[in-house]
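Taking it in order: structure first as structure tokens, then the write-up.
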Amino acid sequence: MTSPTATAPSPGTTTQHRRVLLAAPRGYCAGVDRAVVAVEKALEHYGAPVYVRKEIVHNKHVVATLSERGAVFVDDTDEVPEGARVVFSAHGVSPAVREAATARRLETIDATCPLVTKVHREAVRFARDDFDILLIGHTGHEEVEGTAGEAPEHIQVVNSPDDVDQVTVRDPDKVIWISQTTLSVDETMETVRRLREKFPTLQDPPSDDICYATQNRQVAVKKLAPEADLVIVVGSANSSNSVRLVEVALEAGARASHRIDRAAEIDSAWLDGVTTVGVTSGASVPEILVQDVLAYLAERGYGDVEEVRTATEDLMFSLPRELRADLEGAESAGRPVRGGRRALGLNPS
Ligand code: SF4
123 MTSPTATAPS PGTTTQHRRV LLAAPRGYCA GVDRAVVAVE KALEHYGAPV
173 YVRKEIVHNK HVVATLSERG AVFVDDTDEV PEGARVVFSA HGVSPAVREA
223 ATARRLETID ATCPLVTKVH REAVRFARDD FDILLIGHTG HEEVEGTAGE
273 APEHIQVVNS PDDVDQVTVR DPDKVIWISQ TTLSVDETME TVRRLREKFP
323 TLQDPPSDDI CYATQNRQVA VKKLAPEADL VIVVGSANSS NSVRLVEVAL
373 EAGARASHRI DRAAEIDSAW LDGVTTVGVT SGASVPEILV QDVLAYLAER
423 GYGDVEEVRT ATEDLMFSLP RELRADLEGA ESAGRPVRGG RRALGLNPS
């Protein structure tokens with residue numbers, strides 16, 4: 123596709139044919155879509171304020187837009203008034219957080235991504251079988267805190283391949299690894315390789331913990347990176363999968379790569395001498411932010427946009443059970459609930 127807003131080259135840039143390679147898939151995944159829509163529907167159905175523990179998804183624009191509509195983001199449940207309603211974010215929570223919410227008589231809506239819940243279940247099961255569980259992930263990330271909280275006495279976090287030397291276990295023949303859903307596939311496999319050198323009978327999880335969306339976005343950026351002088355990744359600094367996309371782009375051969383929250387953060391100097399710009403976005407990023415980047419680039423002569431598609435995604439998750447029950451109750455009582463994402467300007471396409 124070619125943008126009608128393409129203009130003549132600006133001074134200081136190459137006169138070679140300039141173009142954009144646009145990764146697909148990019149942007150919203152099924153878990154983020156579900157979590158954001160859950161907050162929107164909760165706002166419409168129950169009215170503001172709706173409390174949300176932590177950022178519902180790691181994206182500044184989404185959080186700011188929902189805040190304007192009446193969502194109140196808090197760090198923990200003790201900031202939520204007793205008896206009020208709170209949404210748990212897509213990254214999941216530990217059992218201790220659920221207990222704290224119950225103690226405050228909070229009405230909870232659990233927007234934990236089902237693919238994160240799957241990892242929680244694995245942790246519980248392997249702990250019950252008395253394994254030492256090595257959770258590959260980033261200390262301090264909400265998802266890792268939630269998963270580790272399922273079985274703290276059995277789980278230790280392994281941040282990177284270099285962490286492996288420090289790992290000790292009770293029984294080297296009873297060890298299994300699991301992982302955060304949003305890691306670099308290649309780096310995780312390197313961590314596993316080193317763990318297996320140390321613990322040869324290390325067991326694998328029954329299926330991939332790094333989710334389909336993380337993997338698909340990495341495969342797409344890997345495909346375009348070797349041809350790109352610059353890869354722009356749209357995503358927030360605390361978005362693990364977005365930060366990984368920058369690393370993956372560089373490892374796959376991009377000459378430079380930068381993460382930005384929005385088009386206004388692009389430094390025009392990044393475009394000096396650049397012919398081909400790769401563009402992608404993390405799994406929590408609304409498409410509107412990518413379109414703003416494309417418009418910015420088109421104004422600077424990069425109006426020729428070629429999509430590089432490596433997969434097609436059609437996965438969708440149904441809304442959290444508690445919310446669905448209330449919405450269905452309202453509908454059967456003749457009070458239909460409107461769709462929300464469009465109204466917020468967060469529609470991904
Ligand atoms: S990135 Fe993966 S695990 Fe995280 S919300 Fe999206 S689908 Fe779920």
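Residue numbering for the sequence shown follows the working numbering, starting at 123 and increasing by one per position. Note that CB positions come from ideal geometry on N, CA and C, so glycine has one too.
- Taking 8 Å as the cut-off, the beta carbon of L257 is found closer than this to the beta carbon of Q278.
- Shortest Cα-Cα distance from V430 to any of R220, Q340, R422 involves Q340.
- In the structure shown, the three-state DSSP call for A447 is helix.
- Within the DSSP bridge table, the entry for V399 names V142, L352 as partners.
- Annotated as proximal: V238 and G214, with beta-carbon spacing under 8 Å.
- Bridge partners of H180 according to DSSP: none are assigned.
- Taken through DSSP and simplified to helix, strand or coil, Y150 comes out as coil.
- In this structure R207 is buried. Its beta-carbon is surrounded by 16 or more other beta-carbon atoms within 10 angstroms.
- In the DSSP assignment, S301 falls within the unbroken beta strand (DSSP E) covering 297–301.
- At the C-beta level, A164 and L445 come within 8 Å of one another.
- The DSSP assignment places complete beta strand (DSSP E) segments of no fewer than 3 residues inside the segment 198–266 at 207–210, 229–232, 254–258, in order along the chain.
- Relative to ligand 1, even the nearest heavy atom lies 7 Å or more away from the CB of T230.
- Following the DSSP letters along the chain, one finds Q340 inside the alpha helix (DSSP H) bounded by residues 334–346.
- In the DSSP assignment, R315 falls within the unbroken alpha helix (DSSP H) covering 307–320.
- Here R366 has S306 as same chain residues with Cβ atoms under 6 Å from its own Cβ, once five neighbours each way along the sequence are excluded.
- Straight through space, the alpha carbons of H139 and H263 are spaced by roughly 42 Å.
- L346 sits buried, since 16 or more C-beta atoms from the chains shown fall within 10 Å of its C-beta.
- Runs of beta strand (DSSP E) with 3 or more residues, each lying fully within the segment 403–457, are found at 426–431, listed in chain order.
- Within the DSSP bridge table, the entry for A193 names V172 as partners.
- Distances taken from the Cβ of L237 to the heavy atoms of ligand 1 include one shorter than 7 Å.
- In the three-state scheme derived from DSSP, where H, G and I count as helix and E and B as strand, H380 is classed as strand.
- Distance from the C-beta of T269 to the nearest heavy atom of ligand 1 is not below 7 Å.
- Contact between I231 and A160 holds, with the beta-carbon distance rounding to 6 Å and staying under 8 Å.
- By the criterion of a C-beta distance shorter than 7 Å, E204 is surrounded in its chain by R226, R227, once the five residues flanking it on both sides are discounted.
- Within the same chain, no Cβ atom closer than 6 Å to the Cβ of D308 is found once the five residues on either side in sequence are excluded.
- Judged by DSSP secondary structure, V280 falls within the beta strand (DSSP E) whose first and last residues are 277–280.
- Relative to ligand 1, T310 has its C-beta separated by 7 Å or more from all heavy atoms.
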